[in-house]
Amino acid sequence: MSTPDELICFIKPEYKLPLVKIQHDIKEKQEEIKKTDESEHPRQEDGQPMSKRQRKREKKGMNKRRPIFKQSLDEQLCRSLVDGREVECERSDKCRMSHDLKSYLENKAPDIGEKCPIYDVKGFCIYGVTCRLAKNHLTDENINKNPNKIERTERQHLPWELQNSLRKKTFDYSKSDKVLKEVDEIIGKKLIGSAGDDENVKIRLEEKKRIDFSNKLVLSPLTTVGNLPFRRICKEYGADITVGEMACALPIITGSLPEWALTKRHSSEDIFGVQLCGANARTVCYAAQVLTENIDVDFIDLNIGCPIDLIYQQGAGSALIRRQNVLEQIVRSCSRILGEKPFTVKTRTGVYANKSVAHELLPKLEQWGASAVTLHGRSREQRYTKLADWDYIEKCAKEVKRIPIIGNGDILNFEDYQSVRERAPHVSSVMIGRGALIKPWIFKEIKEGKAFDISSKERFEMLQKYVNYGLTHWGSDTKGVENTRRVDTIKNQLKFF
Ligand SMILES: Cc1cc2nc3c(=O)[nH]c(=O)nc-3n(C[C@H](O)[C@H](O)[C@H](O)COP(=O)(O)O)c2cc1C
Ligand SMILES: [Zn+2]
Ligand SMILES: [Zn+2]
C-alpha cells in the first residue's frame, strides 16, 4: 500500500504560475470602481478624445501597451471583393483600397477561431473573406457563402446622404428653428409675467407616447462600458430599459461617425433611449430633431449630471444645473421637437455637496416638459465619495406631481434594491450603473427576489457571449477584432466582471 505522501502529485516548478489575487469581495470592487468616476466621459464636445490628463489616466491598468489599431487603406480589401470573387470596383479610379485579392489572402492575419458568430446567427457574414473566423462561411475556393443574403447597408448606421447633408450643413432644421422661436416667445412672455403654462404642460404630457416608467429596472448610460454588446447581456438578465452611451450633440449634428455609432440599438433593446449632452438649446434641439427623424429610438435623455471638468467648463453636463435659463430652453424645445416621443433628463442633487437644488429643479423640469427625470443622489462635488442620499431622492420625488422619477445610486445587489424601494416609495423606478458592471445578473437577482452568484463556468460563458456580441457589433474583420480587444472595451469590462 502506498503512503499518503506517495499519493501526492507535485507540480513541476516550470508549470507553476505566479499567484494572482482574485478579488471576490464586493466592497473591494466598490473601492475599485470609485476610480472609474473620472473615465465616465472621455470625449469632448467636438467628439475629439479628451485632455492629456484624462488620456494619462486611461493608460493606467491592463492592456496599456496595446496601441490603438490603425490600418492603412491599401492594407484593407475593397468591399467589392469581400465575397472572394474578382469583381471590378465601381470606384476603381478613386478607391484607395486594395484590389489584389490573391495577395490580400496570402498576407491576411491568421484566423482567431473557426466559427463566425455573425454567420452562426444570420446565415451570412458581411465581412466575407476579411472575417477572422471565416472558416465556416468560406468554400474551399475562398468564396463567401450565401452572398445574396448580405445587406450592405447594415454596416453603416449613418447613411451616406444624411452624413453628407450634416457635413455640408444643408440638413433642414426649419422645424427646430420654429420650435426654438416659439420657446423664446414663451420664455419672454413668462418674464413679463403673463403666462402660467401649467395647462399646456398637461396637454403636452398627454400627447406623449407614454413609456411606463413604473417598477422598471433601467440600465444606466455608461460611457464606453455601456456599449451595445454589454447592454445585450444586461437585457438577457432582465434589464427593462436601456440607455446608450452619452453622445455629444455637436458631433451628432456635424455627422461624426463614431458619435452616431453610440446611438445604435440592438433589436433586444425594446425600450431604448439615446443620451445627449450639450451646452445650448440650438445644438441639442437640432441633434434631437435629426436623431428622432433618422434613428429608431424610444426616448431621448439629456445628461445634466455629468461631473467631468471638460464638459462642465463648456457649460454642459452638470453646469446646466446652474445655467437654468439655457436648461429651460433646452427642455422646452426638445420636448416639443420630439413630438410624441418622451424627452427625459438625468441629473444630480446639485453642483455642491452642501447645496442640494434638485427638490426645486425637478418640478421645473416637469413644468418645462420633461417626461421623466432620473436623479442620482449625489452632487457634482461629491463624485462617488459618499453614499447616494436616497432620503433626499424621496423628498424630491414627492415634489413632483405628474412625471415619474427614477432613483439612482449605489444599488449593487438585491438587498440594496429592497432597501431603497422601502426608503423611497415615491420613486417610480430605479436605475442601475456600477451594480450591473460588477454583475450583469443583478437584474435577474432583483426580479427573482433573492441574491445569488453565478458559477465560474457561467461567468466564462457570459464573457464568451460578450466577445461574440462584440465581434458582431464591431466587426469580425481585423479592424473589428482589434476594436473588440481594445483597451476600452474588453479591458474595461474585465475589470468589473
Ligand atoms: C464608467 C461610468 C460611465 C458613466 N457614464 C455615464 C454617462 O455616459 N451618462 C450618465 O448620465 N452617467 C454616466 N455615469 C453615471 C451613471 O450613469 C450613474 O448615474 C452613477 O454611476 C450612479 O449609479 P450607480 O451607483 O448605480 O453606479 C457613468 C458611470 C460610470 C461608472
Ligand atoms: Zn475599390
Ligand atoms: Zn464571419
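Note that full-length UniProt numbering has the sequence shown beginning at 1, numbered continuously upward.
Ideal Cβ positions, reconstructed from N, Cα and C, are used throughout, including at glycine.
Beta-carbon proximity list for residue i, same chain, < 8 Å, skipping 5 on both sides
| i | result |
| --- | --- |
| P363 | E399, V400 and K401 |
| V87 | S80 and L81 |
| V331 | L302, F343, V345, L365, W368, G369 and A370 |
| D416 | D410 and G435 |
Own chain residues within Cβ distance below 6 Å of residue i, not counting five before or after
| i | result |
| --- | --- |
| G305 | S318, K346, T347, R348 and H376 |
| G47 | Bear in mind that the predicted position of G47 carries a pLDDT of just 44, short of 50, making it unreliable; the figure below should be weighed with that in mind. Counting only Cβ-Cβ distances below 6 Å, and skipping sequence neighbours, we find P251, S256 and E259. |
| L327 | L320 |
With 16 other Cβ atoms within 10 Å as the buried cut-off, status of residue i
| i | result |
| --- | --- |
| S429 | buried |
| R155 | Caution is warranted here: a pLDDT of 47 is assigned to R155, below 50, making its placement in the model unreliable, and the coordinate value is therefore given only provisionally. Its Cβ having fewer than 16 others within 10 Å, R155 is exposed. |
| P425 | exposed |
| P404 | buried |
| N144 | buried |
| K389 | For clarity, residue 389 is Asp in the given sequence; the question names Lys instead. Its Cβ being crowded by 16 or more others within 10 Å, D389 is buried. |
| L387 | exposed |
| Y469 | buried |
Rounded C-alpha distance that separates residue i from residue j
| i | j | result |
| --- | --- | --- |
| T472 | I118 | 6 Å |
| E90 | V357 | 60 Å |
| V274 | N215 | 21 Å |
| T312 | N303 | A small correction: the amino acid at residue 312 is Tyr; Thr does not occupy that position in the sequence shown. Each residue's Cα considered, the two are about 11 Å apart. |
| T478 | C277 | 32 Å |
| V290 | R265 | 16 Å |
| P49 | P159 | Residue placement at P49 is flagged as unreliable, the pLDDT there being 43, under the threshold of 50; a coordinate-derived value is accordingly withheld. |
| T223 | R459 | 23 Å |
| G480 | D296 | 24 Å |
| L434 | L228 | Note that residue 434 is Arg in the sequence shown here, rather than Leu. If you take the alpha carbons of R434 and L228, they lie about 16 Å apart. |
| K341 | I211 | 9 Å |
| E185 | E161 | 34 Å |
| K457 | T170 | 53 Å |
| G315 | R323 | 8 Å |
| S92 | E236 | 44 Å |
| N107 | N142 | 14 Å |
| P147 | F124 | 7 Å |
| D391 | R423 | 7 Å |
| Y286 | Y173 | 7 Å |
| I241 | H359 | 25 Å |
| L138 | K115 | 11 Å |
| L180 | A279 | 15 Å |
| E45 | H157 | Model confidence at E45 stands at a pLDDT of 39, short of 50, so the residue's coordinates are unreliable; what they give is reported in the following sentence. Roughly 20 Å separates the two Cα atoms. |
| S476 | G226 | 20 Å |
| Q329 | S455 | 50 Å |
| K208 | L338 | 9 Å |
| N294 | K102 | 39 Å |
Check: residue i C-beta below 6 Å from any heavy atom of ligand 2
| i | result |
| --- | --- |
| S80 | yes |
| M462 | no |
| C234 | no |
| M246 | no |
beta-carbon residue i near ligand 1 non-hydrogen atom, thresh 6 Å
| i | result |
| --- | --- |
| E311 | Residue identity check: residue 311 is Ile in the sequence provided, not Glu. Checking every heavy atom of ligand 1 against the Cβ of I311, none is found closer than 6 Å. |
| N408 | yes |
| V331 | no |
| G433 | yes |
| N303 | yes |
| K264 | no |
| L222 | yes |
Host beta strand (DSSP E) of residue i (start-end)
| i | result |
| --- | --- |
| A109 | Careful: A109 lies outside any beta strand (DSSP E) and carries neither H nor E. |
| C334 | It is not in any beta strand (DSSP E) - C334 instead sits in the alpha helix (DSSP H) that spans Q324 to I337. |
| L276 | F272 to C277 |
| G407 | I405 to N408 |
| V373 | A372 to H376 |
Span of the alpha helix (DSSP H), counted from its first residue to its last, around residue i
| i | result |
| --- | --- |
| A358 | A358 to W368 |
| K235 | L228 to E236 |
| D416 | F414 to R423 |
Check: residue i C-beta below 6 Å from any heavy atom of ligand 3
| i | result |
| --- | --- |
| A134 | yes |
| I118 | yes |
| Y127 | yes |
Close beta carbons around residue i, own chain, < 7 Å, minus the five adjacent residues each side
| i | result |
| --- | --- |
| T385 | none |
| Y104 | L77 and S98 |
| I393 | L375, G377, G407, A424 and V427 |
Any chain B beta carbon closer than 7 Å to residue i
| i | result |
| --- | --- |
| G226 | Note that chain B does not occur in the displayed structure, where there is just one protein chain. |
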